[in-house]
Every structure is written in C-alpha cells, then in structure tokens.
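*Asks:* Counted from 1, the sequence shown has number 41 at position 42 by numbering that gives the first Met the number 0; the numbering is strictly sequential.
Glycine is no exception: its CB is placed at the ideal position from the N, C-alpha and C atoms.
Dropping a structure here in structure tokens format, bear with me for questions.
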Amino acid sequence: MTQWQEQLKKYALLSLKIGINLQKGQDLVIRATVDAKDFVREVVRAAYTEGAKNVFVDWDDQQITRIKYDLAPMEAFKEFPMWLAKGYEEMAAAGASFLSIISPNPELLKGVDPEKISLAQQTGGKAMKPFSKYTKSGKARWSIVAVPTKEWAAKVFPDLDEEKGVAELWEKIFYITRVDTEDPVESWKKHNEALHRRVDFLNEKQFQSLHYTAPGTDLTIELPDGHLWKGGSMVNPDGITFTPNIPTEEVFCAPKKLGVNGRVKSTKPLNYGGQLIEGMSFVFENGRIVDYSAESGIDILKKLVETDEGSHYLGEIALVPYDSPISNTNLLFYNTLFDENASCHLAIGAAYPMNLKDATDLNDEELEARGVNTSITHVDFMIGSAELNIDGVTKDGETIALFRNGNWVV
Ligand code: ZN
Ligand code: ZN
0 MTQWQEQLKK YALLSLKIGI NLQKGQDLVI RATVDAKDFV REVVRAAYTE
50 GAKNVFVDWD DQQITRIKYD LAPMEAFKEF PMWLAKGYEE MAAAGASFLS
100 IISPNPELLK GVDPEKISLA QQTGGKAMKP FSKYTKSGKA RWSIVAVPTK
150 EWAAKVFPDL DEEKGVAELW EKIFYITRVD TEDPVESWKK HNEALHRRVD
200 FLNEKQFQSL HYTAPGTDLT IELPDGHLWK GGSMVNPDGI TFTPNIPTEE
250 VFCAPKKLGV NGRVKSTKPL NYGGQLIEGM SFVFENGRIV DYSAESGIDI
300 LKKLVETDEG SHYLGEIALV PYDSPISNTN LLFYNTLFDE NASCHLAIGA
350 AYPMNLKDAT DLNDEELEAR GVNTSITHVD FMIGSAELNI DGVTKDGETI
400 ALFRNGNWVV
C-alpha cells in the first residue's frame with residue numbers, strides 16, 4: 000500500500016469515527032460527486048466494516064450541474080425534486096447520519112447568471128428546510144470532509160502541473176485534518192478538548208458584547224441572552240458526540256440580531272455559488288446591513304444580501320486564531336470549509352439554534368423572539384488577520400482582551 004492509500008484509509012476512518020461517529024447498525028447517507036469516487040468507495044468499505052447497516056450514496060456530477068445552469072430554463076430553478084427532499088427527511092427521522100464529501104471546483108459556475116444561482120439556492124434551501132432542522136439541531140449527526148479535484152488544485156497551486164497540484168493538495172489536506180499524525184482519531188480527541196476549553200471560558204463569561212478592531216473594521220456585536228458558544232465536537236440530543244466539520248478550528252456563537260453596529264472589512268475573497276467576491280465592506284446599524292461594497296463581484300454580493308429579509312443580518316460570529324494549521328499554510332483554498340477555519344469570520348443569514356440555550360426545537364418566529372436571526376441562507380465571510388484585536392465586554396462593563404494581533408490572549 001502506498002503512503003497515500005494508507006492516509007486515504009485513515010481519512011475515511013476519521014470521517015466516520017470523529018466526523019459522524021457512526022454507530023453499529025446505523026444507516027449512513029453519503030453525498031458526493033463522482034470526482035471523489037475513490038475516497039467514497041473507501042468510506043463505504045470502512046462504514047460496513049465498522050458496522051453500518053445500509054450505506055446510501057447520493058451521487059452528483061459537477062459537469063451536469065454546469066450543463067443545467069447553462070441550458071435549463073429559469074423555471075427549472077424554481078422547482079426542487081421533493082421526493083429527494085422528503086427522502087432526506089425520512090432518513091433523518093429514521094436515525095441515519097449524513098456525510099458530505101465535497102470536491103470543490105471553485106470556478107464551476109463562473110459566468111453563470113447570478114439570478115439562476117440565487118434562485119437555485121433559495122429553492123433548495125426552502126425544500127430542504129425540514130431536513131435541515133434535523134442537522135441544525137444535531138438530531139441527525141452530520142459531517143463534511145473534502146477531497147481534491149484537479150480544478151481545485153489548479154486554483155490553489157496555479158504554478159504546479161495537474162498531477163503535482165492534486166498530490167500537493169492531498170498532502171495539505173492530510174496535514175490540516177491531522178491525518179498525517181500517528182493516530183488521527185486520538186489527535187482529534189485532543190484538538191476537540193482544546194476547543195472545548197475556549198468554549199467553556201466564553202460560556203462562563205456570558206459577554207454582553209464583543210468589540211472588533213482592525214484596519215477598516217470597528218464593529219460591536221452584542222450577544223443574545225442565553226447564548227451558547229460551540230466548537231469542535233458536539234453532543235447531539237441522544238448524547239452521542241460528532242464533529243460537523245473536518246477540519247474545524249473555530250469556536251462560534253450567534254450574535255444578537257439587532258445588536259450589531261459599526262463597520263467591518265473582509266480579509267479573504269468569498270466564493271459564493273462558484274463565483275468570487277473580493278474586498279467586501281459592510282456597515283451595520285442595529286443589526287441591519289445598511290451599506291456594503293466590494294472591490295469585485297458586487298453584483299453577486301448584492302444577490303447574496305438580497306436573498307431574503309434575514310440575509311440583511313448576521314447569524315454567526317466565529318473566533319479562529321491566526322496561528323493555526325490552515326492559516327499557517329498561507330494558502331487561499333477558495334472554499335469555505337478551509338478558508339473559514341483559517342480566519343475569524345461572520346456569517347450573513349441564519350443563526351444556529353444550537354447557539355442558544357433550549358432552542359433546538361424552536362421555529363423561526365420563536366428564534367426571532369429570542370433575538371437571533373433566521374434566513375434561508377448562511378454564508379461565512381472572513382475578517383481575521385494578524386491585525387485583528389477583539390475585546391469582550393461583560394454585563395458589569397468589564398473589558399477583557401480576547402484576541403491581540405489575531406491570536407487568543409486568554
Ligand atoms: Zn463558522
Ligand atoms: Zn458559518
């Protein structure tokens with residue numbers, strides 16, 4: 000077995016043991032594209048070996064996705080196959096776990112009408128909402144892992160030829176996901192413990208607000224009553240741990256919907272629906288985006304902000320040290336799973352109910368009443384840098400330095 004094959008096996012096992020924490024006799028649904036077939040087969044083999052009952056693979060092909068965007072009429076993007084949405088909901092209700100194996104192609108949708116992309120995202124978001132209740136609450140355990148494509152490698156390593164680029168990207172992924180350590184499952188247990196220590200500190204403090212300063216940024220974000228910071232592995236309502244993102248370096252919380260004021264500048268490009276937005280700035284008043292700009296991709300940003308009412312507000316704040324594995328690669332991955340874990344970020348759109356005490360069963364109205372945002376979208380953008388400082392302000396007005404020059408100081 001080559002070293003790559005060995006690491007591929009470790010990666011497959013990591014996604015099952017740390018990612019979804021597959022239980023004996025459980026069903027598994029894998030969402031993947033045909034680009035990832037070698038890894039998907041490895042995961043399926045590992046899943047049955049670990050005691051899965053049935054493994055279903057929901058295959059997609061990115062070239063077919065592109066063909067549809069180019070050739071299908073606009074009406075096609077108003078419809079979603081409800082049998083598929085219901086199938087996901089039924090599998091979740093029956094106790095299956097869900098593993099998404101993404102194989103990014105950052106320029107897949109380059110030049111596609113942003114109207115079609117935004118309509119497809121709205122339609123998909125609405126149709127999958129009953130299913131996403133299961134994943135957002137953690138009732139259905141889920142995880143996301145990534146596999147290189149030649150297109151992705153070409154974007155991350157434009158100077159390498161195809162084969163070298165893909166090999167280099169695999170190597171970086173194995174480093175970032177700690178698959179290159181002696182015992183990746185053990186490494187992740189330790190990493191999760193470190194994240195939980197931060198989470199416990201922040202939850203104990205119950206800060207009134209956080210204050211962000213950096214070049215182009217002076218932003219105050221209030222936190223709702225009963226907020227819960229989360230990070231690393233989670234415990235679902237059945238008491239089983241799972242790690243939704245591999246990699247993950249963030250601790251994150253929900254902002255108070257109407258409590259965001261000031262301005263913030265993004266520090267990395269955002270890849271939204273296959274298109275890039277660069278150099279974004281937002282101005283917030285009482286939570287609402289009242290002004291925004293971008294150095295490029297402003298029409299795409301406009302579609303994002305105008306998705307629905309909730310896409311004018313924030314739904315997530317996340318803290319990631321500047322000195323961490325993804326950040327240390329000094330690479331831009333053109334993919335949120337990697338880039339968000341390189342950097343402090345905010346998300347436009349829905350808050351996670353898990354970021355509020357006793358809120359996993361609340362509907363949208365009830366969540367809004369608790370002071371957090373709801374939307375059909377949730378899109379992260381990066382604001383971390385070596386110049387970012389963050390202070391926490393407690394309910395008695397005490398200020399505690401949390402980040403200096405991009406890193407934790409507590
Ligand atoms: Zn995040
Ligand atoms: Zn997010």
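Whole angstroms is fine: what's the gap from Gln-207's alpha carbon to Thr-393's?
*Replies:* Roughly 5 Å between the two C-alpha positions.
*Asks:* Cutting at 7 Å between CB atoms, please list the residues of its own chain near Gly-261, excluding the five before and the five after it.
*Replies:* Once the five neighbours on either side are set aside, the close Cβ partners of Gly-261 are Asp-217, Leu-218, Thr-219, Phe-283.
*Asks:* If you draw a straight line from the C-alpha of Glu-397 to the C-alpha of Leu-201, how long is it?
*Replies:* Taking the straight line joining both Cα atoms gives about 14 Å.
*Asks:* Does Ala-126 come out as helix, strand or coil in the three-state DSSP assignment?
*Replies:* Ala-126: helix per DSSP, three-state reduction.
*Asks:* Short of 7 Å in beta carbon distance, which residues of its chain neighbour Ser-117, apart from the five on each side in sequence? Order them along the chain.
*Replies:* Only Lys-302, Thr-306 meet the Cβ criterion.
*Asks:* Just the Cα atoms here: how many angstroms apart are Arg-196 and Pro-223?
*Replies:* Between Arg-196 and Pro-223, the C-alpha separation is close to 21 Å.
*Asks:* Identify the continuous beta strand (DSSP E) that holds Ala-45 and give its terminal residues.
*Replies:* No beta strand (DSSP E) holds Ala-45; the alpha helix (DSSP H) holding it covers 36-48.
*Asks:* Between Glu-161 and ligand 1, is the CB less than 7 Å from at least one heavy atom?
*Replies:* Flag unset: Cβ of Glu-161 not near ligand 1.
*Asks:* Would you decide whether Gly-50 is buried or exposed? Buried here means 16 or more other CB atoms lie within 10 Å of its CB.
*Replies:* Its Cβ having fewer than 16 others within 10 Å, Gly-50 is exposed.
*Asks:* In the DSSP assignment, the alpha helix (DSSP H) including Asp-338 goes from what residue to what residue?
*Replies:* Counting along the chain, the alpha helix (DSSP H) containing Asp-338 begins and ends at 335-338.
*Asks:* With three or more C-beta pairs closer than 8 Å as the rule, is the region 252-269 touching the region 342-350?
*Replies:* Counting Cβ pairs under 8 Å, three or more are found: they touch.
*Asks:* Is there contact between the region 307-324 and the region 364-382, where contact requires at least three CB pairs shorter than 8 Å?
*Replies:* In short, these stretches touch, since the Cβ pair count reaches three.
*Asks:* Which residue spans inside the region 294-322 form an unbroken beta strand (DSSP E) run of at least 3?
*Replies:* For the region 294-322, whole beta strand (DSSP E) runs of length 3 or above, ordered along the chain, are 313-318.
*Asks:* What are the start and end residues of each continuous alpha helix (DSSP H) run of 4 or more residues lying completely inside the region 70-96, in chain order?
*Replies:* Runs found: 81-92.
*Asks:* For Val-155, tell me which candidate among Lys-204, Asp-360, Ile-325 has the shortest Cα-Cα distance.
*Replies:* The residue with the shortest Cα to Cα distance from Val-155 is Ile-325.
*Asks:* Could you pull out every residue in the same chain whose Cβ sits closer than 7 Å to the Cβ of Ala-358, ignoring the five residues on either side in sequence?
*Replies:* Closer than 7 Å at Cβ, skipping near neighbours: Pro-352, Leu-366, Arg-369.
*Asks:* Along the alpha helix (DSSP H) that carries Thr-328, what are the first and last residues, could you check?
*Replies:* Run containing Thr-328: 324-328, per the alpha helix (DSSP H) assignment.
*Asks:* Just to confirm the assignment, what range does the alpha helix (DSSP H) spanning Gln-274 have?
*Replies:* Not the alpha helix (DSSP H): Gln-274 falls in the beta strand (DSSP E), residues 274-276.
*Asks:* Quick check: the Cα distance between Val-234 and Lys-67, rounded to an integer number of angstroms?
*Replies:* Each residue's alpha carbon lies about 39 Å from the other.
*Asks:* Once DSSP output is grouped into helix, strand and coil, what is the label at Ser-342?
*Replies:* Three-state DSSP puts Ser-342 in coil, outside helix and strand.
*Asks:* Mapping the DSSP letters down to three states, classify Thr-1 as helix, strand or coil.
*Replies:* Residue state, collapsed to three classes: coil.
*Asks:* What residues come near ligand 1, if near means a beta carbon less than 6 Å from any of its heavy atoms?
*Replies:* Working through the chain, the matches are Glu-249, Phe-251, Glu-315, Ala-317, Glu-339, His-344, Asp-379.
*Asks:* Any contact of the region 38-57 with the region 112-131, i.e. 3+ C-beta pairs under 8 Å?
*Replies:* With a cut-off of 8 Å, the region 112-131 and the region 38-57 do not count as touching, because too few Cβ pairs lie within range.
*Asks:* Since Ile-175 is in the alpha helix (DSSP H), which residue starts that stretch and which ends it?
*Replies:* Residues 161-175.
*Asks:* Select from Lys-189, Val-289, His-210 the residue whose C-alpha is nearest the C-alpha of Thr-247.
*Replies:* When each option's Cα is compared against that of Thr-247, the closest is Lys-189.
*Asks:* Would you mind listing the alpha helix (DSSP H) stretches within the region 362-386 that are 4+ residues and don't spill past its ends, in chain order?
*Replies:* List check, alpha helix (DSSP H) in window: 363-368.
*Asks:* With which residues is Asp-224 paired in a DSSP beta bridge?
*Replies:* Bridge partners of Asp-224: none, in fact.
*Asks:* Please find out if some non-hydrogen atom of ligand 2 comes closer than 7 Å to the beta-carbon of Ala-145.
*Replies:* It does not: the Cβ of Ala-145 is nowhere closer than 7 Å to a heavy atom of ligand 2.
*Asks:* When DSSP labels each residue in this structure, what does Ile-239 get in the three-state scheme?
*Replies:* In this structure, Ile-239 counts as coil in the three-state DSSP scheme.
*Asks:* Please name the residue in Met-127, Val-250, Asp-290 whose C-alpha comes closest to that of Leu-345.
*Replies:* Nearest option by C-alpha distance: Val-250.
*Asks:* Excluding five sequence neighbours on each side, which residues of the same chain lie with their C-beta closer than 6 Å to the C-beta of Val-263?
*Replies:* Only Thr-216, Leu-218, Phe-281, Ile-382 meet the Cβ criterion.
*Asks:* At what residues does the beta strand (DSSP E) containing Glu-284 begin and finish?
*Replies:* Counting along the chain, the beta strand (DSSP E) containing Glu-284 begins and ends at 280-284.
*Asks:* Under a three-way DSSP split, which group does Lys-264 fall into?
*Replies:* Correct three-state label for Lys-264: strand.
*Asks:* When DSSP builds the beta bridges, which residues end up paired with Phe-402?
*Replies:* Paired residues: Ile-389, Trp-407.
*Asks:* If you follow the alpha helix (DSSP H) that Val-155 is in, where does it begin and where does it stop?
*Replies:* Counting along the chain, the alpha helix (DSSP H) containing Val-155 begins and ends at 149-155.
*Asks:* What are the boundary residues of the beta strand (DSSP E) that includes Ser-142?
*Replies:* Element bounds for Ser-142: 141-145.
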